[in-house]
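Down below is the structure, laid out as structure tokens.
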Amino acid sequence: METEDGGKSMESPLLPNSLRYEVYESRINREEILTEVKKQLKLAGSSGASMATSFASVTGFSLLIGMASALDTFCGQSYGAKQYHKLGIYMQRAMIVLLLVCIPLAGIWANTGTILEFFGQDEEISAEAGKYARFMIPSIFAYALLQCLVRFLQAQNNVRPMMVTSGITTVLHMFTCWILVFKSRLGNKGAALANAISYWINFLLLALYVWLSPSSKETWTGFSREALNDVLKYVRLAIPSAMMIW
Numbered sequence: 283m284e285t286e287d288g289g290k291s292m293e294s295p296l297l298p299n300s301l302r303y304e305v306y307e308s309r310i311n312r313e314e315i316l317t318e319v320k321k322q323l324k325l326a327g328s329s330g331a332s333m334a335t336s337f338a339s340v341t342g343f344s345l346l347i348g349m350a351s352a353l354d355t356f357c358g359q360s361y362g363a364k365q366y367h368k369l370g371i372y373m374q375r376a377m378i379v380l381l382l383v384c385i386p387l388a389g390i391w392a393n394t395g396t397i398l399e400f401f402g403q404d405e406e407i408s409a410e411a412g413k414y415a416r417f418m419i420p421s422i423f424a425y426a427l428l429q430c431l432v433r434f435l436q437a438q439n440n441v442r443p444m445m446v447t448s449g450i451t452t453v454l455h456m457f458t459c460w461i462l463v464f465k466s467r468l469g470n471k472g473a474a475l476a477n478a479i480s481y482w483i484n485f486l487l488l489a490l491y492v493w494l495s496p497s498s499k500e501t502w503t504g505f506s507r508e509a510l511n512d513v514l515k516y517v518r519l520a521i522p523s524a525m526m527i528w
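Number 484 in the working numbering belongs to position 202 of the sequence shown; there are no gaps in the numbering.
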């Protein structure tokens, strides 16, 4: 409302109704955009973790399972021939080979985000997958060692220790996830780190069993330089085995 001299009265709004509506609408749009961005970030995080897990399975875990399966042949033959001490030597040899293979695989995992983006994946999801994969790198070394121990025990028809250690690891994994994901607020990175810790726990429990158990006295006689011999012989069998699974 205007006064006689053309000025604004005290009852007049500071902003015209049309302008106030535009400001109100812009605030709503801004809030909607922020809400949508938060949703997309959450979706990118879970999608990135899923994509990183799939990528790690193809480029790492499957390859290691295949290469470790060569132990089924070597350890099975030695156990059948009652050359029990050779089982431990073959296991050490497999551990050396698989740990060496893990080094370039870790480099691939460290660049997961770049690789996925190169193949046309969404930029945000690729970035989240890259973060998740980098925190998974410690797990690949534990997984390689664990697979060797599993094959070593399977060749002796001794599977109960694996069941027990897997059960203990599963229980501890729940607490580890709760601490790293929620209490530490690391989110997906905490989940990846929890997986790595659980693999190491499982490996250490099985290694402790092999070291202390009387049932492994004949098959595990300690570390030996003999494990460094005939490494190429193991590799020649491990590569075709890996290709069959990969």
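No residue lacks a Cβ here, since even glycine has one placed at the ideal position from N, Cα and C.
Q. Taking the C-alpha atoms as reference points, what is the distance between S344 and Y361?
A. Counted from its first residue, the sequence shown places residue 344 at position 62. Counted from its first residue, the sequence shown places residue 361 at position 79. About 26 Å.
Q | Segment limits, alpha helix (DSSP H) that includes V561 | A | Outside the shown range of the chain, which is 283 to 528, sits residue 561, and nothing can be said about it.
**Q.** Inter-residue spacing [alpha-carbon to alpha-carbon] between I347 and A426
**A.** Here residue 347 is taken as the residue at index 65 of the sequence shown, counted from 1. Here residue 426 is taken as the residue at index 144 of the sequence shown, counted from 1. So the alpha carbons of these two residues sit roughly 8 Å apart.
Q: Whole angstroms is fine: what's the gap from R442's alpha carbon to L435's?
A: On the sequence shown, position 160 is the one that residue 442 refers to. On the sequence shown, position 153 is the one that residue 435 refers to. Spanning the two alpha carbons is a distance of roughly 9 Å.
Q: Leaving aside the five residues before and after S339 along the sequence, list all residues of the same chain whose C-beta is less than 6 Å from its C-beta, in chain order.
A: If you number the sequence shown from 1, residue 339 lands on position 57. Nothing meets the Cβ criterion.
Q | Distance, I450 Cα to L468 Cα | A | As a position in the sequence shown, residue 468 is number 186, starting the count at 1. As a position in the sequence shown, residue 450 is number 168, starting the count at 1. So the two alpha carbons sit approximately 24 Å from each other.
Q. What are the boundary residues of the alpha helix (DSSP H) that W460 is part of?
A. The residue labelled residue 460 in the question sits at position 178 within the sequence shown. Run containing W460: none; DSSP gives neither H nor E here.
Q: Run the CB neighbour count on A509, radius 10 Å, all protein chains shown included, and call it buried at 16 or more, exposed below.
A: Sequence index remark: in the sequence shown, residue 509 carries index 227 (1-based). So A509 counts as buried.
Q) Helix, strand or coil: how does DSSP classify A411 here? A) Along the sequence shown, read from residue 1 onward, the residue named residue 411 stands at position 129. It is helical.
Q) Cβ atoms of A437 and C459: under 8 Å apart, would you say? A) Here residue 459 is taken as the residue at index 177 of the sequence shown, counted from 1. Here residue 437 is taken as the residue at index 155 of the sequence shown, counted from 1. Going by C-beta atoms, C459 is not nearer than 8 Å to A437.
Q: Report the residue from G342, I397, T501, M333 whose alpha carbon sits nearest the alpha carbon of I385.
A: Taking the sequence shown and counting its residues from 1, the one referred to as residue 385 is at position 103. When only C-alpha atoms are compared, the closest one is G342.
Q: Would you mind working out which of K368, L490, P420 sits nearest G389, comparing C-alpha positions?
A: Reading the sequence shown from its first residue, position 107 is the one you call residue 389. Ranking the options by Cα distance to G389, first place goes to P420.
Q | As assigned by DSSP and simplified to three states, the class of K499 | A | Counting from one through the sequence shown, the residue named residue 499 turns up at place 217. Here K499 sits in coil by DSSP.
Q | Reference E405, options L490, L486, S329, closest by Cα | A | Along the sequence shown, read from residue 1 onward, the residue named residue 405 stands at position 123. Here the closest residue by C-alpha is S329.
**Q.** C-alpha distance - A489 paired with P496, whole-angstrom precision
**A.** As a first step, residue 489 is located in the sequence shown; it is residue number 207 there, counting from the start. As a first step, residue 496 is located in the sequence shown; it is residue number 214 there, counting from the start. Computed Cα separation, rounded: 13 Å.
Q. In this structure, does DSSP put A437 in helix, strand or coil?
A. Within the sequence shown, the letter at position 155 stands for residue 437. Note: A437 maps to coil in three-state DSSP.
**Q.** N- and C-terminal bounds of the alpha helix (DSSP H) containing R375
**A.** In the sequence shown, the residue the question calls residue 375 occupies position 93. Taken as a continuous stretch (DSSP letters only), the alpha helix (DSSP H) holding R375 covers 367–392.
Q: Consult DSSP for L487 and reduce its assignment to one of helix, strand or coil.
A: The residue labelled residue 487 in the question sits at position 205 within the sequence shown. It is helical.
Q. Is the distance from the Cβ of L396 to the Cβ of F337 below 8 Å?
A. Taking the sequence shown and counting its residues from 1, the one referred to as residue 396 is at position 114. Taking the sequence shown and counting its residues from 1, the one referred to as residue 337 is at position 55. Looking at the sequence provided, one finds Thr at residue 396 rather than Leu. In this structure, F337 does not lie closer than 8 Å to T396 by Cβ.
Q) Which residues mark the beginning and the end of the alpha helix (DSSP H) in which F401 is found? A) Against the sequence shown, residue 401 aligns to sequence position 119. Unbroken run through F401: none, as it is neither H nor E.
Q: Could you say which of A363, F423, M444 lies nearest to V379 if we only look at CA atoms?
A: On the sequence shown, position 97 is the one that residue 379 refers to. Residue F423 is the option with its Cα nearest to V379.
(Q) For the alpha helix (DSSP H) containing V520, name the first residue and the last one. (A) As a working mapping, residue 520 is identified with position 238 in the sequence shown. Per the sequence shown, residue 520 should be read as Ala rather than Val. First-last of the alpha helix (DSSP H) with A520: 513–527.
Q: May I have the straight-line CA-CA distance separating S498 from A409, to the nearest angstrom?
A: As a first step, residue 498 is located in the sequence shown; it is residue number 216 there, counting from the start. As a first step, residue 409 is located in the sequence shown; it is residue number 127 there, counting from the start. One C-alpha to the other measures close to 46 Å.
Q) Grouping DSSP H, G and I as helix and E and B as strand, with all else coil, what is L510? A) Here the question's residue 510 lines up with position 228 in the sequence shown. Looking at L510 - three-state DSSP - the assignment turns out to be helix.
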